[in-house]
Each structure stands twice: as structure tokens, then as C-alpha cells.
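There are 2 protein chains.
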Amino acid sequence: MELSKGVEWALHTCLNLSWIEGGEAKTTAELAAYYDLPQAYLNKQLQALTRAGILSSTPGPRGGFRLDRDPEQLSLLDIVVAIEGRVAAFACEHLLADGPGGDASVDYALTCVLSQAMSRAELAWRRELASSSLADIRREVEAKYPQTPGATRAWFLTARADGRRLARR
Amino acid sequence: MELSKGVEWALHTCLNLSWIEGGEAKTTAELAAYYDLPQAYLNKQLQALTRAGILSSTPGPRGGFRLDRDPEQLSLLDIVVAIEGRVAAFACEHLLADGPGGDASVDYALTCVLSQAMSRAELAWRRELASSSLADIRREVEAKYPQTPGATRAWFLTARADGRRLARR
DNA sequence: GTCTGCATACTCGGATAAGAGCTGTCCGAGTAGCTTAGG
DNA sequence: CCTAAGCTACTCGGACAGCTCTTATCCGAGTATGCAGAC
């Protein structure tokens, strides 16, 4: 039970995109170069975010990705689910159905006490992630590290200038 | 991000063992037959539980596994960790260290706001699992399905009688 | 009858394959902008 | 000089391998039991 690395990348990339906000799209190459990530694989994650309606993409020159949702309305859970697909689903259906006195017509996810306990834990996890919006994170970072937004913006400006070099990676 | 099937098996098997309690050890074959599980693979999970000090094992004839800890002192988290090993650890260390202004000497797991948010969620999950002991689960099952403990005990008695047949599986 | 030694069968334990999913990579479809030729 | 068509280069998107971890299996080490033989 390990989270994909893509989740980490997606979270930080969404945060960076929320600071850009020039209405300007950022390419996979730029976003990957920021953290020195494999370009093509990050692109795969960005595709997933686009399918989920979190980012919007435009092909061709001057294309790239931009944030397509209000950070206030974008929770960490949205991002995690977009990348991971399904989340750890724990259900005892087959187990109890195959045991003595098992009944295939019963939904054991609802009756099994252990299954319910595991679901409560999973729910607590989801609730915690759903309670933090990207805007919350942004505010917290700005409070702790006031220079971060400006530094990030500046980096991406120079990156645009050096675009040709980045593309060679 | 999917939990091992072994977690589910381990939870139910520990619950069953807590009902047996005759001081008598149950073999992998018996425990596996109860849910019609692959014997050798369940054995692997039981080994992990033994290494974690949750079960105790005795080899040879009349051997098997028995619960080696007070159900009051055994949380669901203990069992999950025993099977899964490590739990979903989310840390942004390498990511931020490789970014602009990254510093290899900084522990970003403590400074990164996103990492902290993810840790809070994981903590909520662990706390929820740690708050349920096996004894709690047992009490709840006995309240909802009073006949279950007796039925389980009875099944394992006949299984002992039919031991030879089970071993052929 | 009782004790001792041995053979037997049984159970766990770790070492060993097969499959699924995550990780990483590459090339094609489509588009914006530049170039160039014509009016 | 202005316009328009074509070309170029750039970017996303999905299809294609490599690798780690989960799933599944098998055989060997060690032990309690039952039996046989001696005292």
C-alpha cells in the first residue's frame, strides 16, 4: 500500500500552476524541469488531471496546461483520486460469502463489522483530504514562506525564456 | 493504492482465533478451509503475524497458530501494519530538494505544507484503526450476531474431526 | 508391565515462480504562428 | 503595403516496454506422537 509518486508530483504541480495564473499555459517540459522530473511520465499524470477536469490543455505552440478550476473548489482529495483512480477499497464480500453460512445474495460490505471498521478509517482519510482545498494550502504556504509565490513565478518566466534549452532534456 | 488481500484474511482469521481460545492451536489448513483460501499463501500471512508477535506458532503434530496477545491490547492497526509492513508514507523530500532553491540538508517532510496535509490524513486513518481493538470488534459482532461465536467454534471442532480431508486440499 | 529408542507423519518456515500494476519512454495527430508569394 | 495560402515547429495524447511488488506455490527443517523391542 503505497501512494503513486504521481500524486506527489500532481499536488505540487497544481500548486505551482495556481501561482502562475497569467492565463498563460505551461508546457510539460517547463513543469517537469522545475522538479527535474521525467517529462513524458509527468505528462501522463497531467493527462489524468485533465480528464478529471482539474486542468485544461491546449496543443500546439504556446500550448500547455493551465488550472481549470477555482482553487477554493479544488480539494486535495480531488487530485489524489484523479491520479490514483480508485482508492483503497476494503470489502469482505467474497471472504464471508465463501465461509460457512455464507450467502451470495448478502452485501457483506454493509453487514461485516470488520469491513465497516475499515471503511470508517478510509472515510476519515478521505474527509481529511477533502477538507483541505488548494487555496488553503496556498494561503498556508504564503504565510510561512512569503517569497515562494514570487520566486516560483520568476522561475517560470526565465524558464519560458530558456524554453529551447529545456525542450532538449 | 490497494490494500493487500492478506490484510482482510488476517483480520478475519485473528477474529476467528479469538473465538477458539481453547488453548488449542489451529493449523493453516483449518484456518484456510474456513474461507476456502489458498493454504500456502495464508500461511505466509500467518508467518507475518507471528513475526509481529500477534500469533504464536508451534510446529509438528497438534501444532498450528494461536492468538498470543490479549484482544483488548490488539488494535486493527497492529494487524494491518503486520501484513502491509510499511504504510502509505507520503513525503516530498526528493521533490522539493530537486526544485529551485532546494537544500539537501532540509527535512522537507517537516516543512512542506502539502506533505503535512497528507500526513494529517494518514494520521487520521491510523488513529481510526488504532482506536478499534479486536475485543471491540468481537463485542460488536456478538451483539449483532449472537450465534456467530458458537457456530465458529462448532465448525472448527468438526474441522478437527475431518482434519485428514482438509489436509488433502 | 514399564521404559527406552526409533520410525513416522505432521506442521511451520523460507526459498522459489507467475501475474498485475506502477514507472518510464516513444512516436503520431493536431494546431498556432511564421514565411512567402501574389494582389 | 496588405492579404492569404502553405509550411514549419511545437505540444498534447495515447500506444508501447521495463521493473517492482503482490499473489501463489512448493519443498525442506524440526517436532510430537505412536510403536516396537528390551529389561
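Protein sequence lines, in the order shown, are assigned to chains A and B. Last residue of the first sequence: 169 (the numbering used here), numbering continuous. Last residue of the second sequence: 169 (the numbering used here), numbering continuous. Don't be surprised by glycine CBs; every beta carbon is placed ideally from N, CA and C.
- Note on D70 of chain A: under 16 other CB atoms within 10 angstroms of its CB, so exposed under the neighbour-count rule.
- Annotated as proximal: E142 of chain B and P149 of chain B, with beta-carbon spacing under 8 Å.
- For S4 of chain B and Q116 of chain A, the gap between their C-alpha atoms comes out near 17 Å.
- Interface criterion not met: the Cβ of I54 of chain B is under 8 Å from no Cβ in chain A.
- In chain order, Y34, Y35 make up the part of chain B whose C-beta sits under 7 Å from the C-beta of G99 of chain A.
- The alpha-carbon separation between T152 of chain B and T27 of chain B amounts to approximately 15 Å.
- Using a 10 angstroms sphere on the CB of T13 of chain B, the tally of other CB atoms reaches 16 or more, which defines it as buried.
- Each residue's CA atom was taken as its position, placing L123 of chain A and A25 of chain A some 35 Å apart.
- Here DSSP, grouped into helix, strand and coil, assigns L3 of chain A to coil.
- Under DSSP, the beta-bridge partners assigned to L67 of chain B are B:L55.
- Annotated as distal: L129 of chain A and S18 of chain A, with beta-carbon spacing of 8 Å or more.
- Residues of the segment 75-98 of chain B with a C-beta less than 7 Å from any C-beta of chain A: L76, E84, V87, A88, F90, C92, L95, D98, listed in chain order.
- S119 of chain B sits in a helix when the DSSP states are folded into three classes.
- Contact with chain A is absent for L157 of chain B, since none of that chain's Cβ atoms lies less than 8 Å from the residue's Cβ.
- Within the same chain, L134, I137, R138 come within 7 Å of L15 of chain A by CB-CB distance, once the 5 residues on both sides are set aside.
- If you draw a straight line from the Cα of L95 of chain A to the Cα of S75 of chain A, it is about 34 Å long.
- Around the Cβ of Y145 of chain B, a 10 Å sphere holds fewer than 16 other Cβ atoms; the residue is exposed.
- Proximity of chain A to R153 of chain B at the Cβ level (cut-off 7 Å) is not reached, the minimal Cβ distance being about 11 Å.
- For the pair I54 of chain A and D103 of chain A, the Cα-to-Cα distance works out to about 42 Å.
- DSSP places S18 of chain A in the helix class (H, G or I) of the three-state scheme.
- Beta-bridge analysis with DSSP links K26 of chain A to A:F65.
- Annotation: E72 of chain B is outside any alpha helix (DSSP H) and is labelled neither H nor E by DSSP.
- Residue environment analysis places A32 of chain B among the buried positions, since at least 16 neighbouring C-beta atoms fall within 10 angstroms of its C-beta.
- A residue is called buried when at least 16 other Cβ atoms come within 10 angstroms of its Cβ; R51 of chain A does not meet this threshold and is exposed.
- Annotation for D107 of chain A: no alpha helix (DSSP H) segment contains it, and DSSP assigns it neither H nor E.
- With a threshold of 16 other beta carbon atoms within 10 Å, R127 of chain B falls short and is exposed.
- Cβ contact annotation for V81 of chain B (same chain, cutoff 8 Å, sequence separation greater than five): A52, V87, in chain order.
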